[in-house]
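Engineer:
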Amino acid sequence: MRVMAQMAMVMNLDKCIGCHTCSVTCKQAWTNRSGMEYVWFNNVETRPGQGYPRTYEDQDRWEGGWELNRRGRLTLKAGNRLKNLLTIFSSPNMPSIQDYYEPWSYDYETLTDAPLQEHTPVARPRSLISGEETDISWSANWDDSLAGAPELAPDDPVLQKVSDKIRLEFEQTFMFYLPRICEHCLNPSCAASCPSGAIYKRSEDGIVLVDQDRCRGWRKCVTGCPYKKVYFNHRTGKAEKCTFCFPRVEVGLPTVCAETCVGRLRYIGLVLYDADAVLEAASVQDEHRLLDAQRSVLLDPDDPHVVREAERAGIPHDWIEAAQRSPLWSLINRYRVALPLHPEYRTMPMVWYIPPLSPVVDAVADTGEDAEAGDNLFAAIDSLRIPVEYLAELFTAGDTVPVTDVLKRLAAMRSYMRDINLGREPDGSIPQAVGMTEEEVYDMYRLLALAKYEERYVIPPAHAEQAHGLEELATECSLDYEGGPGMGGWGPFGEGSGGATPIAVENFQALKQRQTANTFTDPGDKSRRVNLLNWDGKGRPEGLFPPRPGQDRGAPELMDGTDPDAETDPKP
Numbered sequence: 010m011r012v013m014a015q016m017a018m019v020m021n022l023d024k025c026i027g028c029h030t031c032s033v034t035c036k037q038a039w040t041n042r043s044g045m046e047y048v049w050f051n052n053v054e055t056r057p058g059q060g061y062p063r064t065y066e067d068q069d070r071w072e073g074g075w076e077l078n079r080r081g082r083l084t085l086k087a088g089n090r091l092k093n094l095l096t097i098f099s100s101p102n103m104p105s106i107q108d109y110y111e112p113w114s115y116d117y118e119t120l121t122d123a124p125l126q127e128h129t130p131v132a133r134p135r136s137l138i139s140g141e142e143t144d145i146s147w148s149a150n151w152d153d154s155l156a157g158a159p160e161l162a163p164d165d166p167v168l169q170k171v172s173d174k175i176r177l178e179f180e181q182t183f184m185f186y187l188p189r190i191c192e193h194c195l196n197p198s199c200a201a202s203c204p205s206g207a208i209y210k211r212s213e214d215g216i217v218l219v220d221q222d223r224c225r226g227w228r229k230c231v232t233g234c235p236y237k238k239v240y241f242n243h244r245t246g247k248a249e250k251c252t253f254c255f256p257r258v259e260v261g262l263p264t265v266c267a268e269t270c271v272g273r274l275r276y277i278g279l280v281l282y283d284a285d286a287v288l289e290a291a292s293v294q295d296e297h298r299l300l301d302a303q304r305s306v307l308l309d310p311d312d313p314h315v316v317r318e319a320e321r322a323g324i325p326h327d328w329i330e331a332a333q334r335s336p337l338w339s340l341i342n343r344y345r346v347a348l349p350l351h352p353e354y355r356t357m358p359m360v361w362y363i364p365p366l367s368p369v370v371d372a373v374a375d376t377g378e379d380a381e382a383g384d385n386l387f388a389a390i391d392s393l394r395i396p397v398e399y400l401a402e403l404f405t406a407g408d409t410v411p412v413t414d415v416l417k418r419l420a421a422m423r424s425y426m427r428d429i430n431l432g433r434e435p436d437g438s439i440p441q442a443v444g445m446t447e448e449e450v451y452d453m454y455r456l457l458a459l460a461k462y463e464e465r466y467v468i469p470p471a472h473a474e475q476a477h478g479l480e481e482l483a484t485e486c487s488l489d490y491e492g493g494p495g496m497g498g499w500g501p502f503g504e505g506s507g508g509a510t511p512i513a514v515e516n517f518q519a520l521k522q523r524q525t526a527n528t529f530t531d532p533g534d535k536s537r538r539v540n541l542l543n544w545d546g547k548g549r550p551e552g553l554f555p556p557r558p559g560q561d562r563g564a565p566e567l568m569d570g571t572d573p574d575a576e577t578d579p580k581p
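With the numbering used here applied, the sequence shown corresponds to residues 10 to 581, in that order.
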């Protein structure tokens, strides 16, 4: 057993109202800059729908994730290392800008500079890529108003798998919202696809990041990611992705999307997992067993043996305590109501979802029956195969049994707690019907409905002794095999094709230069970088601030900005 720590997230889809606050705040924090106009690290999709980018779940087309070869071993769906090497200079199989959308702004100058006239001028939309006038025809959640309608629903890759059992009549449609971020997988196929080893998984907390200095813009990672959560910045020529807001997480703060979530549907915490068991779990032959296999990789943080192994692996004691207080273990393995997104991709995603119960409740209420009664809800879940089958294609590789069990637990919680809230004697047979005790149902209710800030976000801050590791960003992938792209050591692309890559504070200047220069890179900017780690806070280090008019670059200055060699007598 090799115990490692992983930051993870659970989202309760029953609470998402599709307000997109998470998307907007993430956009302002991380992707509100040149070359990233079309990029949404966090996006909210309406289901049924095509998603973002369009039909990203159609892996027969996009070749993302892993698959088992004839010998039962995991291999990239896009091809093995030799195929990636031979096609490194060819255009990868990835969505085009039309599959995302062509970002636009409006010609506001026409409004502000137009002279007085009889008719009000119109600000035409203009492409943020070409600058030319454009017609708005698609965006990140164009499915929102038409979800389930015959115009768009047939193009949903998930719906196509169950379409022979679903009547797509508009009056019988259902919809719910699905927020998505990078899954920060235990077995990231994006990292294994990267020829230059620029994508790596941090060993201390499992967050998957992109080293901007090492990235060469091959874009193989875009193909390799089955969730299409790696984006290409056409301005810098680099790949970028969700960072799980690691600067915030390192100081104990939740991600921006979770902090600003209106519905309070996100839970963030630390989980412990057995890194040696990841390969076996991801290689399970039967796709319907992948859910249980992934659950088995996660370790019980209250198990004394797990605690000892975690301490032996160097995990700080307060991190172990945080894993014990984390809501994620309870939601995933204790109450078993959280499910991973598309486990059949075999990337072992670490963003889990609690499926929505609302479509079932609404359907019962429409019949005039008591929608919260336990018997009615259980019967409705068994009979309403449409939402259960669709949810199963999303979260359990098509197996409806785990989804039905989750919905029954949620229904039992609602029915049991309603009796308590109405002052009636609770029915102990309701929890027993779903294999839970009355105490477990009540604890699950508190966690899902009443959890406070510190209960939803249990994030231990980084330690001072980990500072060097956080700066150098040591990498270790759970599926480590010798020479694999993104896996460290010697590989088919040379020494260090997957090794650790340092990220220091002075790289900020290089990043800024790349984003503002007229060319993709500026190799001459290295001498102008400033290492703030060596600055004692006194004076003005060369290169930190632009030189004042008339002052030589490199001339010393005092704290107040004056020149020590200047004349002290005022001039008349």
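Where a beta carbon is used, it is the ideal one built from N, C-alpha and C, also for glycine.
DSSP on Ala248, reduced to helix/strand/coil?
Structural biologist: The residue you call residue 248 lines up with position 239 of the sequence shown. Note: Ala248 maps to strand in three-state DSSP.
Engineer: Does the Cβ of Leu91 have 16 or more other Cβ atoms within 10 Å, making it buried, or fewer, making it exposed?
Structural biologist: Sequence index remark: in the sequence shown, residue 91 carries index 82 (1-based). Leu91 should be labelled exposed.
Engineer: Going by the CB atoms, is the gap between Tyr65 and Tyr236 shorter than 9 Å?
Structural biologist: For the purposes of this step, residue 236 is taken as the residue at position 227 of the sequence shown. For the purposes of this step, residue 65 is taken as the residue at position 56 of the sequence shown. Cβ atoms of Tyr236 and Tyr65: closer than 9 Å.
Engineer: Beta-carbon separation of Asp311 and Gln294 under 9 Å?
Structural biologist: Within the sequence shown, the letter at position 302 stands for residue 311. Within the sequence shown, the letter at position 285 stands for residue 294. No. Outside cutoff.
Engineer: Do Met184 and Thr55 have their CB atoms nearer than 9 Å?
Structural biologist: In the sequence shown, the residue the question calls residue 184 occupies position 175. In the sequence shown, the residue the question calls residue 55 occupies position 46. Against a cut-off of 9 Å, the Cβ pair of Thr55 and Met184 comes out as a contact.
Engineer: Using a Cβ-Cβ cutoff of less than 7 Å, which residues in the same chain neighbour Tyr110 once the five nearest sequence positions on both sides are dropped?
Structural biologist: Along the sequence shown, read from residue 1 onward, the residue named residue 110 stands at position 101. Once the five neighbours on either side are set aside, the close Cβ partners of Tyr110 are Tyr47, Trp147, Ser148 and Ala149.
Engineer: Is there contact here, the stretch 105 to 123 with the stretch 216 to 232, by at least three beta-carbon pairs under 8 Å?
Structural biologist: They do not touch, by the three-pair rule.
Engineer: Can you name, in chain order, every residue of its own chain whose Cβ lies under 6 Å from the Cβ of Val467, other than the five neighbours on each side?
Structural biologist: One-based indexing of the sequence shown puts residue 467 at position 458. So the qualifying residues of the chain are Gly278, Ala331, Arg334 and Ser335.
Engineer: Restricting to Cα atoms, I'd like to know which of Thr405, Arg343, Leu308 and Met445 is closest to Tyr354.
Structural biologist: Stepping through the sequence shown from its first residue, residue 354 is reached at position 345. With distances taken between Cα atoms, Tyr354 lies closest to Thr405.
Engineer: How is the alpha helix (DSSP H) around Val265 delimited, first residue to last?
Structural biologist: Numbered from 1 along the sequence shown, position 256 holds the residue referred to as residue 265. From DSSP, the alpha helix (DSSP H) with Val265 extends over Val265 to Glu268.
Engineer: Would you tell me roughly how many angstroms separate the C-alpha atoms of Arg418 and Leu403, rounded to the nearest one?
Structural biologist: The sequence position of residue 418 within the sequence shown is 409, counting from 1. The sequence position of residue 403 within the sequence shown is 394, counting from 1. So the two alpha carbons sit approximately 19 Å from each other.
Engineer: Between the stretch 29 to 44 and the stretch 78 to 93, do three or more beta carbon pairs fall short of 8 Å?
Structural biologist: No, the stretch 29 to 44 does not touch the stretch 78 to 93.
Engineer: Which residue or residues does DSSP assign as beta-bridge partners of Glu142?
Structural biologist: Working through the sequence shown from its first residue, we reach residue 142 at position 133. DSSP lists Arg135 as partners of Glu142.
Engineer: Buried or exposed: where does Gln15 fall if 16 or more other Cβ atoms within 10 Å of its Cβ makes it buried?
Structural biologist: The residue given as residue 15 occupies position 6 in the sequence shown. With 16 or more other Cβ atoms within 10 Å, it is buried.
Engineer: Using the C-alpha atoms, what's the distance from Asp283 back to Gly323?
Structural biologist: Along the sequence shown, read from residue 1 onward, the residue named residue 323 stands at position 314. Along the sequence shown, read from residue 1 onward, the residue named residue 283 stands at position 274. Using only the alpha carbons, I get a separation of about 14 Å.
Engineer: Please determine, among Asp122, Arg455, Ser114 and Asp408, the residue with the shortest C-alpha to C-alpha distance to Glu141.
Structural biologist: Counting from one through the sequence shown, the residue named residue 141 turns up at place 132. It is Ser114 whose Cα lies nearest to the Cα of Glu141.
Engineer: Excluding sequence positions up to five away, which residues of its chain have a Cβ less than 7 Å from the Cβ of Gly81?
Structural biologist: For the purposes of this step, residue 81 is identified with residue 72 of the sequence shown, where counting begins at 1. The answer, listed in chain order, is Ser292 and Gln294.
Engineer: Would Phe253 be called buried (16 or more neighbouring beta carbons within 10 Å of its own) or exposed?
Structural biologist: For the purposes of this step, residue 253 is identified with residue 244 of the sequence shown, where counting begins at 1. Phe253 is buried by the Cβ-count criterion.
Engineer: What ranges does the alpha helix (DSSP H) occupy inside the stretch 21 to 108, keeping only unbroken runs of at least 4 residues that lie completely in it?
Structural biologist: You should have 30 to 39, 68 to 71 and 90 to 95.
Engineer: Flag this pair as yes or no: are the beta carbons of His193 and Met359 separated by less than 9 Å?
Structural biologist: Residue numbering aside, residue 193 sits at position 184 when the sequence shown is read from its first letter. Residue numbering aside, residue 359 sits at position 350 when the sequence shown is read from its first letter. Closer than 9 Å, so yes.
Engineer: Considering Val258, what are the terminal residues of the alpha helix (DSSP H) in which it resides?
Structural biologist: Locating residue 258 in the sequence shown gives position 249, counting from the first residue. Unbroken alpha helix (DSSP H) run through Val258: Phe255 to Val258.
Engineer: Which complete beta strand (DSSP E) runs does the stretch 190 to 241 hold, if anything under 3 residues is left out?
Structural biologist: Listed in chain order, they are 208 to 210 and 217 to 219.
Engineer: Identify whether Tyr344 lies in helix, strand or coil by the three-state DSSP scheme.
Structural biologist: Here residue 344 is taken as the residue at index 335 of the sequence shown, counted from 1. Three-state DSSP puts Tyr344 in coil, outside helix and strand.
Engineer: With a threshold of 16 other CB atoms inside 10 Å of the CB of Val412, please say whether the residue is buried or exposed.
Structural biologist: By 1-based counting over the sequence shown, the position of residue 412 is 403. With 16 or more Cβ atoms within 10 Å of its Cβ, Val412 is classed as buried.
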